[in-house]
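Participant:
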């Protein structure tokens, strides 16, 4: 037995309502994710439109038709804004208000003036365009989660085509003045696609949201909270299995007499000094995996390192930190850093080996008076050893 249009409409309404409550519960649990609220608002307006359209199919009136179509398409515009917000972090308020108001005015005028057929044509065409635009937004952001976002783009694209087919069917029938809901096999297919699309998009959206939460937790686990730099774990994950050849270098930095700074000026000032050197490291061109190893010690990897480039970068950072004055209650002081550098070898060094060499060069810089750059030289004929060359 064929399923009638009313049953399909009821199924779509139930599917939308379930998705609405699911997103609302998810947003209430994590309110910092504001795009979820945009999804909730868009789905709520869509739900209002579906309920109104259900009334329109049983008791047709121009006012109900205008209200139903205006509510649904405005909800879809908000879903587009939510997709933009999800991808870019910015919701396009001006565009959203402009197109929504324009659509409501045009649809209301056509339905209330007795040209419901034209109203349905405009609604289906507009919905097809906005669904395609939503698909485009998720397609642009697919790098974050290729499978999930490509699937969402495909579902929105299929929904777009089904609405376009409805518009073309109305044009082909020449139904310009229509006082009741359009019906036919095209509309039935459109409703079925909407039900399947709503269910699939809902499942993929929740999967995507969970993927983003997992990625955020992973990033937090790899990030130093004070400086925003990578932490020791991130450095080891990124380079722990690499072999360091002559074109790579490791730089290790340590703030001189940091305990004295903390004891004299307090931990808040010590944190400021740590953030100062972190800022210099972030600004340095060519460094990768800039890391706070712990306390006042930092490390960075230099890839494609020409001879002497690591020393030049280390010396520049040392001077820039030295030139920064820290003022505490009218008292001025300068924090300095010692730098240890180690290059890879032709035969290759492991991560632990090059880090140990850089550490030894750093300790040598401390021993020679601090506030200086020292470079380690690996001698593999008699086993790993370090000779420090002053930069």
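In UniProt numbering, the protein residues as written are 1 to 391. For glycine and all other residues, C-beta sits at the position ideal for the given N, C-alpha and C.
(1) Rounded to whole angstroms, what is the Cα-Cα separation between residue 376 and residue 267?
(2) Could you give the uninterrupted runs of the alpha helix (DSSP H) lying entirely in the stretch 54-131, keeping only those of 4 residues or more?
(3) Quick check on DSSP: helix, strand or coil for residue 330?
(4) Grab the span of the beta strand (DSSP E) containing residue 171 for me, first residue to last.
(5) Using the three-state DSSP reduction, which class does residue 237 fall into: helix, strand or coil?
(6) Look at the alpha carbon of residue 373 and the alpha carbon of residue 144, and state the distance between them as a whole number of angstroms.
(7) Taking the alpha carbon of residue 152 as the point to measure from, which residue in 337, 139, 163, 162 has its own alpha carbon closest?
(8) Rounding to the nearest angstrom, what Cα-Cα distance links residue 336 and residue 371 in this structure?
(9) With H, G and I counted as helix, E and B as strand and the rest as coil, what does DSSP make of residue 222?
(10) As a quick exercise: from 250, 163, 78, 179, pick the residue whose alpha carbon is nearest that of residue 293.
(11) With distance defined between alpha-carbon atoms, name the residue in 279, 320, 344 nearest to residue 244.
(12) I believe residue 365 touches residue 338 by the beta-carbon criterion, under 8 Å. Please report the beta-carbon distance rounded to the nearest angstrom.
(13) Roughly how many angstroms lie between the CA atoms of residue 189 and residue 170, to the nearest whole one?
(14) Candidates 85, 105, 95, 242: which alpha carbon is nearest residue 351's?
(15) From the DSSP output, read off the bridge partner residues of residue 340.
(16) Quick one: what's got a C-beta closer than 6 Å to residue 13's C-beta in the same chain, skipping five residues either side?
(17) Bridge partners for residue 291 per DSSP, in chain order?
(18) Could you say which of 99, 129, 137 lies nearest to residue 89 if we only look at CA atoms?
(19) DSSP three-state label for residue 208, please.
(20) Tell me where the alpha helix (DSSP H) around residue 310 begins and ends.
(21) In this structure, does DSSP put residue 325 in helix, strand or coil?
(22) Quick check on DSSP: helix, strand or coil for residue 368?
(23) Quick check on DSSP: helix, strand or coil for residue 349?
(24) Can you tell which of 202, 232, 313, 330 has its C-alpha closest to the C-alpha of residue 295?
(25) Is the stretch 156-170 touching the stretch 99-107, taking contact as three or more C-beta pairs under 8 Å?
(26) According to DSSP, which residues form a beta bridge with residue 23?
(27) Rounded to the nearest angstrom, what separates residue 384 and residue 275 at their Cα positions?
(28) Thinking residue 160 and residue 132 are a contact (beta carbons under 8 Å), I'd like their distance in whole angstroms, please.
(29) Per DSSP, what kind of secondary structure is residue 282 in: helix, strand or coil?
(30) Taking the continuous alpha helix (DSSP H) assigned at residue 259, which residues delimit it?
(31) Assuming residue 130 and residue 211 form a contact by the criterion Cβ under 8 Å, report the distance between their Cβ atoms to the nearest whole angstrom.
(32) Is it the case that the Cβ atoms of residue 38 and residue 78 are separated by a distance below 8 Å?
(33) Give me the Cα-Cα distance between residue 387 and residue 91, rounded to the nearest whole angstrom.
(34) Just mark residue 346 as buried or exposed, buried being the case when its beta carbon has 16 or more other beta carbons within 10 Å.
(35) Return the residue from the list 95, 82, 184, 234 that minimises the CA-CA distance to residue 134.
Facilitator: According to the structure data:
(1) 32 Å
(2) 62-88, 93-112
(3) coil
(4) Segment 146-173 is the alpha helix (DSSP H) holding residue 171; no beta strand (DSSP E) there.
(5) helix
(6) 40 Å
(7) 139
(8) 6 Å
(9) coil
(10) 250
(11) 344
(12) 4 Å
(13) 14 Å
(14) 242
(15) 252, 374
(16) 50
(17) 230, 299
(18) 137
(19) helix
(20) 309-322
(21) strand
(22) coil
(23) strand
(24) 232
(25) no
(26) According to DSSP, residue 23 bridges with nothing at all.
(27) Bear in mind that a pLDDT of 42 at residue 384, under 50, signals an unreliable position, so the number given afterwards is only what the model happens to contain. Their Cα atoms are separated by approximately 34 Å.
(28) 4 Å
(29) helix
(30) 258-265
(31) Not quite, the Cβ-Cβ distance comes to about 25 Å (not below 8 Å), so this is no contact.
(32) yes
(33) Only weak support is given to the placement of residue 387: the predicted model assigns it a pLDDT of 46, under 50, and the value that follows is read from those uncertain coordinates. Taking the straight line joining both Cα atoms gives about 57 Å.
(34) exposed
(35) 82
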